[in-house]
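A.B. asks:
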Amino acid sequence: MKYLIPLSLAMVSAVVATDRPITVVNDCPFVIWPAFFTSSGGQPAQAAGWEAQPGTELTLFAPDNWNGRIWGRRNCDFSTSPGPNSCLDGGCNGGLVCNITTGTGVPPATLATFDFSGESQDVYTVSVVDGYNLPVVITNTGGCGVASCPVDLATSCPLALAGPFDSDGVPVGCKSACLVDALAGNAANSSNCCTGSFDSESSCPSSGVEHYSYFKTNCPNSFVYAFDESSGTATWDCAKSSESNVAYAVVFCPDISTL
Ligand SMILES: *[C@@H]1O[C@H](CO)[C@@H](O)[C@H](O)[C@H]1NC(C)=O
Ligand SMILES: *[C@@H]1O[C@H](CO)[C@@H](O)[C@H](O)[C@H]1NC(C)=O
């Protein structure tokens, strides 16, 4: 018995100092089902998907080499054949808990991306490259820039991009032009996706991406298309500190008056 670690200490030691806290907040007036996917680096200890009631939050701890994404899923029902079609958008292989190797999420979905693998800085974005499904902001304790697409783009979405729609016909997403091309089977050579003959920065200017200005005007601090880094407001970074790591919050449906 004397070698047992008291529970409180065991819980503290499970979260090693280098783990990166990311608090996922649902400020939407409806239930969402957040999820994450690890592109590279270690896995956060938490299950990769959960239900979030309005006004609730959950802090996940990502390894300090984590490169991954967090997004929200809308209008989910996991009661029959849980999988990518269990949600109107954002659903994943696995159902409520996304499969850690294949559960990347069905677009359109606003993505909060993080890359902690850099030597000296964290890099993060709010990406609508694959479309939009919820307002999202990434705040931080480091006094660094705020990545965001904090407004409702579903209801103002250009007709050609709108949807999917809920059972009342209300849009719960806004596709990117690249996603529309992909759904039509045209993603291999697309000026919207920067593929094929358009696969370089010079051959894929933002002016050639349909509806670029709709997204960038409404969400100037989001990542809108493959080469959006040149806008200067697409990717955000925050210096790593050996003293105390920066903590992040991913807030769905943020109160924009506080930004
Ligand atoms: C995740 O998907 C892979 C590939 O389809 C499958 O082999 C694995 O069993 C799945 N994992 C879980 C936990 O279902
Ligand atoms: C891609 O499409 C363009 C027309 O939009 C065409 O000129 C070009 O040859 C195509 N490239 C490839 C690699 O298919």
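Under mature numbering (1 follows the signal peptide of the UniProt record, and there is no 0), the letters of the sequence shown match residues -17 to -1, 1 to 242, in that order. All residues carry an ideal CB built from backbone N, CA and C; glycine is no exception. In this text the structure is predicted, and so the values were computed from the model without any measurement.
Between the stretch 217 to 229 and the stretch 125 to 134, do three or more beta carbon pairs fall short of 8 Å?
C.D. replies: yes
A.B. asks: So who's on the other strand from Tyr231, going by DSSP bridges?
C.D. replies: Per DSSP, Ile5 and Asn123.
A.B. asks: When you compare the CB positions of Ile83 and Tyr231, do they come within less than 7 Å of one another, or not?
C.D. replies: In this structure, the beta-carbon distance from Ile83 to Tyr231 does not fall below 7 Å.
A.B. asks: Rounded to a whole number of angstroms, what is the C-alpha to C-alpha distance between Phe235 and Ala171?
C.D. replies: 32 Å
A.B. asks: Across the stretch 45 to 53 and the stretch 9 to 24, are there enough close Cβ pairs to call them in contact, namely three or more that are closer than 8 Å?
C.D. replies: yes
A.B. asks: Do Ala35 and Ile15 have their C-beta atoms closer together than 7 Å?
C.D. replies: yes
A.B. asks: Do you know offhand how far Ser227's Cα is from Glu193's?
C.D. replies: 42 Å
A.B. asks: For ligand 2, I want to know if Asn68 counts as a neighbour, meaning its beta carbon is within less than 6 Å of at least one of the ligand's heavy atoms.
C.D. replies: no
A.B. asks: Taking the beta carbon of Ile(-13) as the centre, do at least 16 other beta carbons fall within 10 Å, making it buried, or is it exposed?
C.D. replies: With a pLDDT of 44 at Ile(-13), under the threshold of 50, the modelled position of that residue is not reliable, and no figure is offered here.
A.B. asks: Would you check whether ligand 1 has a heavy atom nearer than 6 Å to the C-beta of Thr87?
C.D. replies: no
A.B. asks: Hey, could you find the ends of the alpha helix (DSSP H) Asp113 is sitting in?
C.D. replies: Annotation for Asp113: no alpha helix (DSSP H) segment contains it, and DSSP assigns it neither H nor E.
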